[in-house]
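Residue numbers for the sequence shown follow our numbering, so the first one is 595 and each next one is one higher.
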Amino acid sequence: QVELVESGGGLVQPGGSLRLHCAASGRIFSMGPMGWYRQAPGRERELVATITSSGGTNYADSVKDRFTISRDSAKVTVDLQMNSLKPEDTAVYYCNAFSYAVGQYYWGKGTLVTVSS
Numbered sequence: 595q596v597e598l599v600e601s602g603g604g605l606v607q608p609g610g611s612l613r614l615h616c617a618a619s620g621r622i623f624s625m626g627p628m629g630w631y632r633q634a635p636g637r638e639r640e641l642v643a644t645i646t647s648s649g650g651t652n653y654a655d656s657v658k659d660r661f662t663i664s665r666d667s668a669k670v671t672v673d674l675q676m677n678s679l680k681p682e683d684t685a686v687y688y689c690n691a692f693s694y695a696v697g698q699y700y701w702g703k704g705t706l707v708t709v710s711s
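Structure, rendered in structure tokens:
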């Protein structure tokens, strides 16, 4: 099993920044792609950004040039730097990771990001 724990959410004003952090524990010796997804009230969960074990990244169009995903493969952590935040970025943000050892994806419990004045 793999456990993912997110941190760093909170309330921020429009135009502000937040950094989300996700740490993996458990059977983490063969982790594949990791990423962040979000779910706003009344909406489906959507991809925000992903990063492969070799550092390749993919972003949703809505966050390109504002968000940056990074990972520390040795510590098995993934961060999401969010700049120029907008009210429409308000959502619960979930960490996601694939374990080659177990052969399945795992999810964290989420961290709430609220962008409001």
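Think of the CB as a built atom: it goes at the ideal place given N, C-alpha and C, for glycine as much as any other residue.
From a predicted model like this one, the values you see are computed outputs, not experimental measurements.
In the DSSP assignment, what residue or residues form a beta bridge with residue i?
i: Cys633; result: First, the residue type needs correcting, since residue 633 is Gln and not Cys in the sequence shown. Paired residues: Val686.
i: Tyr694; result: Beta-bridge pairing links Tyr694 to no other residue.
i: Leu614; result: Leu674
i: Val707; result: Gly604, Ala685
So, residue i versus residue j, is the Cβ gap smaller than 7 Å?
i: Thr705; j: Leu605; result: no
i: Ser664; j: Asp673; result: yes
i: Tyr631; j: Tyr694; result: no
i: Tyr676; j: Leu612; result: For the record, residue 676 in the displayed sequence is Met; it is not Tyr. Result yes, Cβ atoms of Met676 and Leu612 sit closer than 7 Å.
i: Ser647; j: Arg660; result: no
i: Gln595; j: Gly620; result: yes
i: Asn690; j: Gly629; result: yes
Which residue marks the beginning of the beta strand (DSSP E) containing residue i, and which one marks its end?
i: Phe661; result: 661-666
i: Glu597; result: 596-601
i: Val672; result: 671-676
i: Ile645; result: 640-645
Taking all protein chains shown into account, decide if residue i is buried (16 or more other Cβ within 10 angstroms of its Cβ) or exposed.
i: Thr644; result: buried
i: Gly702; result: buried
i: Glu600; result: buried
i: Gly650; result: exposed
i: Asp655; result: exposed
i: Phe623; result: exposed
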